[in-house]
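Chemist: Chains as they are written, first to last, in our numbering: chain A, 1359 to 2001; chain B, 12 to 365. C-beta: ideal position from N, C-alpha, C; glycine also. Have a look at the structure that comes next, please.
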């Protein structure tokens, strides 16, 4: 009985929710192939980590990362409309303070430090993990508010597998996705293609001449195509080689704001991203060599211009990492990192580049009974020959009781100025200093199995962070120029909890999440600045969610209620957007068609309360809308945890 | 069987502690509900005052028009919103009173909003512009609107409130002034002043000034003055134009710097020029040289707009602060003495005296 409970407990841990204590092996035994874990998992003791559960990932497979983070994490997604630009605010940071890593490589643009989450399909990753708080010592520049880790999980020894899905939704939304793979014990090959198009012409209301006027959103259509290919090769029992190629092409119109009658702007984004990784896992030492090449292009067609504003970015990343284990208790890591980014755009047509190199080292101590873990990391980065701040992190976790752990972590953080900050003409300033600061958090995590299939997990975390030399663009004479002007103090408290009850055929899971994030500017940017001590714009002070999932045999239904509090739109906090509550619901049914083929039918409703809301000022968001979809899996076990 | 360790009574203590900590945190939390913005004063605005056009932020749609009543010495932060139940649009650029109506140019909404100057209730909207900047009445029922990116000046019929034609002016057109039956339009990127015959709506002449020409005024002697921010191999300068000869007759140059001349204004008697160059610079029209130091220093302020009241010569100076909060308007007497301050909207840039 106790063994079974622990097995279930382990499954729940893997499936998501707060990680009680990091009981993750240095190397995971998966399908008899040994792969080494990411350093983000190994050397971040004391940090709050959230793995998005696989059932949720399954449900969001045809949608984008912005939608997933909005619904399943405390990250505030700054969405400019359905399918439009979406950036993040994580723990009171700005859009360039969240690091999004794909297979360990930062997807943030070296040009503006940001990533448009609308261009990242959830189907890209089999694992999505949020690492809260600063992790600059592990991931380098930009991992200030938190990091989102997207991971691939290749399969071996599965033979032929295939899956395909299609969905239809409101406002002309059509999505299709198909993938096929073959794997034996040595090789694993998988190809996946996806496409989506939507008119996004949802009705939106605006005030005109004292009356409410309803119109349909215009110039909001999008079309996206992409392909993901991966090859994994087990060279022998200890060595592995993995190659991933992701191509994405999106054509999007840019809809007008509520105070514009029309817009003719549109943009075309194209990205080809390739990563390769070789690793050797030994009894005492593990080595990894990894490399990536990202090629990104953007054509922007503004109003009244015939020719596009074109920008191009090439990023080459290379990394080598070694880990040594000494007994059960000690683990050392050391690595070398290099990033070369070259870009050309309207602001610097002749092209500019940024070369970064970093040396990093980590150590982890763990008691034999694993009740105590401590880790320390250090990283020194050089950018174009000059030193970025030396960064470090220290943290530990202690299992006070079998069901209760305490966590603590502190770190030095930084963010380098981007290519646009440094070189945009006019305005860019090559003398800009990196943003730098300190962050820390304390947490309590609990998880408990009761009798008769009850399970409870909860995590309470408090954090604080101070960043200095925070870069903002302000007009300087006749053009805008970035300056190291702000000092930002962020602090907050987060709660995540889940209660689950499991019977033979039925399971009910109730989840809750509340976030309190205060992020204030502490320094006057100009004489008489009324923003001192005030909340940063577009950082909700309060947000939260409650979710309910019910599974019965092959059926599953669920829903979520998401609250986002006031967001200020002026730095003196006088102008604001009102809070909103979004209610979503979903239902799915799975059935077999032949013993190797599984079909699932799903329906979802969004914004069921018909809330009229804006995430960004005067950018309307859709009211009640729906989506239905059908998916087929051939010879492929679902990684969802539904019965 | 449950692990016996789970049943220790001690096990409850941390949970209780956590709950207490959570409660404490709740008590310590800040309130996020903002104070309500100022509401419009009831009834029409006063007879003597100044309208301030606030650009807001590009593509945020948070532009507004404020009013300062000179008699009661009170400011209304937003006139249009409360009167019409919604924001005026994106980037409110300038406003002109003409024929008992207010014409408000809303740049990135591509429109000119016609309002009742008292109640600010919208009466009509003139559309079809690309990026309109300034409005110049050239007759009782006719006006020109400079259209920055369109490369042309729009001709507007003020009875039908519609565009009736265009005058090609390749480049980027900015401020305009009417003198002797001709409209003088500055062209920023080309560094020119176009002379348009308001009878025929045709460009009759073009006067070359320096690049970055942005503002133009007329003095007591009928001369025109143009502020140029320079660039493209030309210096920042103030130029005086003789309209008879249609040529520049005097030039006052500055060395290129982060702050170059713009927002050129003149007082009601037409003898004293004011412009922004970091701080406020003052120059009499008969001065032999351009001023080298500020009449009113910037003192760390981000000065973004300048207005001179034609009736009393008072100077209104707009500080945009960090460009994302409501701006502060400083009122100075003609002698440069500070008389008071009030708040306007975000990025105040234009003044329209009533």
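Decide if the stretch 1742-1759 of chain A is in contact with the stretch 1418-1428 of chain A; the criterion is three or more beta carbon pairs, one per stretch, under 8 angstroms apart.
Modeler: No: the two stretches stay apart, fewer than three of their Cβ pairs being nearer than 8 angstroms.
Chemist: Taking the beta strand (DSSP E) that residue 1776 of chain A belongs to, which residues open and close that run?
Modeler: Per DSSP, residue 1776 of chain A belongs to no beta strand (DSSP E) and is neither H nor E.
Chemist: Let me know the secondary structure DSSP gives residue 1897 of chain A once reduced to three states.
Modeler: DSSP places residue 1897 of chain A in coil when its eight states are reduced to three.
Chemist: Quick one: measure Cβ to Cβ for residue 1617 of chain A and residue 226 of chain B, integer angstroms, because I've assumed they're closer than 8 angstroms.
Modeler: In fact, because the Cβ distance is near 26 angstroms, the residues do not count as touching under 8 angstroms.
Chemist: Using beta-carbon positions only, say whether residue 230 of chain B and residue 178 of chain B come within less than 8 angstroms of one another.
Modeler: Cβ atoms of residue 230 of chain B and residue 178 of chain B: not closer than 8 angstroms.
Chemist: Using a Cβ-Cβ cut-off of less than 7 angstroms, list which residues of the stretch 55-77 of chain B approach chain D; keep chain order.
Modeler: Protein chains in the displayed structure are A and B, and chain D is not among them.
Chemist: Check the Cβ of residue 1887 of chain A against every Cβ in chain B and list those closer than 7 angstroms, keeping chain order.
Modeler: The contacting residues are 332, 333.
Chemist: For residue 245 of chain B, I'd like the list of residues in its chain whose CB is within less than 8 angstroms of its CB, leaving aside the five on either flank, ordered along the chain.
Modeler: Answer for residue 245 of chain B: 202, 221, 222, 223, 239, listed in chain order.
Chemist: Please report the residue range of the alpha helix (DSSP H) in which residue 1399 of chain A lies.
Modeler: Residues 1397-1400.
Chemist: Please state whether DSSP places residue 335 of chain B in a helix, a strand or coil.
Modeler: Three-state result, residue 335 of chain B: coil.
Chemist: If you follow the beta strand (DSSP E) that residue 1651 of chain A is in, where does it begin and where does it stop?
Modeler: That run of the beta strand (DSSP E) goes 1643-1659.
Chemist: Quick one: using the 10 Å Cβ neighbour count with 16 as the cut-off for buried, is residue 1593 of chain A buried or exposed?
Modeler: When all chains shown are included, residue 1593 of chain A counts as exposed.
Chemist: Who are the Cβ neighbours of residue 1379 of chain A in its own chain at under 6 angstroms, not counting the five residues just before and after it?
Modeler: With a pLDDT of only 36 at residue 1379 of chain A, under 50, the local geometry of the prediction cannot be trusted, and the value read off the model is given with reservation. Correct list, in chain order: 1755, 1757, 1763.
Chemist: Locate the alpha helix (DSSP H) running through residue 93 of chain B, then write down its first and last residues.
Modeler: Per DSSP, residue 93 of chain B belongs to the alpha helix (DSSP H) from 91-95.
Chemist: To be precise: take each residue of the stretch 298-312 of chain B, compare its Cβ to all Cβ atoms of chain A, and keep it if any distance is under 8 angstroms. Which residues remain?
Modeler: Hits within the stretch, in order: 310, 311, 312.
Chemist: For residue 1385 of chain A, would you say it is in contact with chain B, using Cβ-to-Cβ distances shorter than 8 angstroms as the test?
Modeler: Here the model assigns residue 1385 of chain A a pLDDT of 40, short of 50, so the residue's position is not dependable, and the following value carries that caveat. Taking Cβ atoms only, chain B never reaches closer than 8 angstroms to residue 1385 of chain A, which makes this a no.
Chemist: Relative to the alpha-carbon of residue 1447 of chain A, which residue among A:1803, A:1405, A:1972, A:1503 has its alpha-carbon at the smallest distance?
Modeler: When each option's Cα is compared against that of residue 1447 of chain A, the closest is A:1503.
Chemist: Given a cut-off of 8 angstroms, decide if residue 1621 of chain A and residue 1601 of chain A are closer than it, judged by their beta-carbon atoms.
Modeler: Not a contact, by the Cβ cut-off of 8 angstroms.
Chemist: For a test of the three-state rule: what should DSSP assign to residue 1854 of chain A, helix, strand or coil?
Modeler: Strand.
Chemist: Could you pull the start and end residues of the alpha helix (DSSP H) that residue 1425 of chain A belongs to?
Modeler: Start and end: 1423-1430.
Chemist: Compile a chain-ordered list of the residues in the stretch 1777-1795 of chain A whose CB is closer than 8 angstroms to at least one CB of chain B.
Modeler: The stretch 1777-1795 of chain A vs chain B, Cβ under 8 angstroms: nothing.
Chemist: Rounded to whole angstroms, what is the Cα-Cα separation between residue 1795 of chain A and residue 1833 of chain A?
Modeler: Distance between the alpha carbons of residue 1795 of chain A and residue 1833 of chain A is about 25 angstroms.
Chemist: Closest Cβ-Cβ distance between residue 163 of chain B and chain A: below 8 angstroms?
Modeler: Answer no: the Cβ-Cβ gap between residue 163 of chain B and chain A never drops below 8 angstroms.
Chemist: Alpha carbon to alpha carbon, how far is residue 1596 of chain A from residue 1682 of chain A? Give it in angstroms, no decimals.
Modeler: For residue 1682 of chain A and residue 1596 of chain A, the distance between alpha carbons rounds to 15 angstroms.
Chemist: Give, in chain order, every unbroken run of the beta strand (DSSP E) that is at least 3 residues long and sits entirely within the stretch 1694-1759 of chain A.
Modeler: The qualifying runs are 1706-1724, 1730-1741, 1749-1759.
Chemist: Here's the rule: buried if 16 or more other CB atoms are within 10 angstroms of the residue's CB, otherwise exposed. What is residue 207 of chain B?
Modeler: The residue in question, residue 207 of chain B, is buried, as its Cβ has 16 or more Cβ neighbours within 10 Å.
Chemist: Which residues in chain A have a C-beta closer than 7 angstroms to the C-beta of residue 100 of chain B? List them in chain order.
Modeler: Here the neighbours are 1617.
Chemist: Could you name the residues that DSSP lists as bridge partners for residue 1990 of chain A?
Modeler: Residue 1990 of chain A pairs with A:1522, A:1957.
Chemist: Ignore the nearest five residues each way along the sequence and tell me which others in residue 313 of chain B's own chain have a CB closer than 8 angstroms to its CB.
Modeler: The answer, listed in chain order, is 330, 331, 332, 333, 334.
Chemist: I'd like to know whether the C-beta of residue 1625 of chain A is nearer than 8 angstroms to at least one C-beta of chain B.
Modeler: It does not: the Cβ of residue 1625 of chain A has no partner Cβ on chain B nearer than 8 angstroms.
Chemist: For the putative contact between residue 1638 of chain A and residue 1687 of chain A, defined by C-beta atoms under 8 angstroms, what is the C-beta separation to the nearest angstrom?
Modeler: Actually they do not touch by this definition, with Cβ atoms about 23 angstroms apart.
Chemist: With 8 angstroms as the threshold, decide whether the Cβ of residue 1659 of chain A is near any Cβ in chain B.
Modeler: No, its Cβ sits nowhere closer than 8 angstroms to a Cβ of chain B.
Chemist: What in chain B is Cβ-close to residue 1932 of chain A, meaning under 8 angstroms?
Modeler: Near residue 1932 of chain A (Cβ distances below 8 angstroms), the residues of chain B are 45, 46, 48, 336, 337.
Chemist: In angstroms, rounded to a whole number, what distance separates the CA positions of residue 286 of chain B and residue 1492 of chain A?
Modeler: Going from the Cα of residue 286 of chain B to the Cα of residue 1492 of chain A covers about 47 angstroms.
Chemist: Under 7 angstroms between beta-carbons, which chain B residues line up against residue 1801 of chain A? List them in chain order, please.
Modeler: Result: empty, since nearest Cβ-Cβ is about 10 angstroms, beyond 7 angstroms.
Chemist: With 9 angstroms as the limit, tell me which residues of the stretch 171-198 of chain B have their beta carbon closer than that to any beta carbon of chain A; keep them in chain order.
Modeler: Those residues of the stretch 171-198 of chain B that come within reach of chain A (Cβ to Cβ, closer than 9 angstroms) do not exist; the list is empty.
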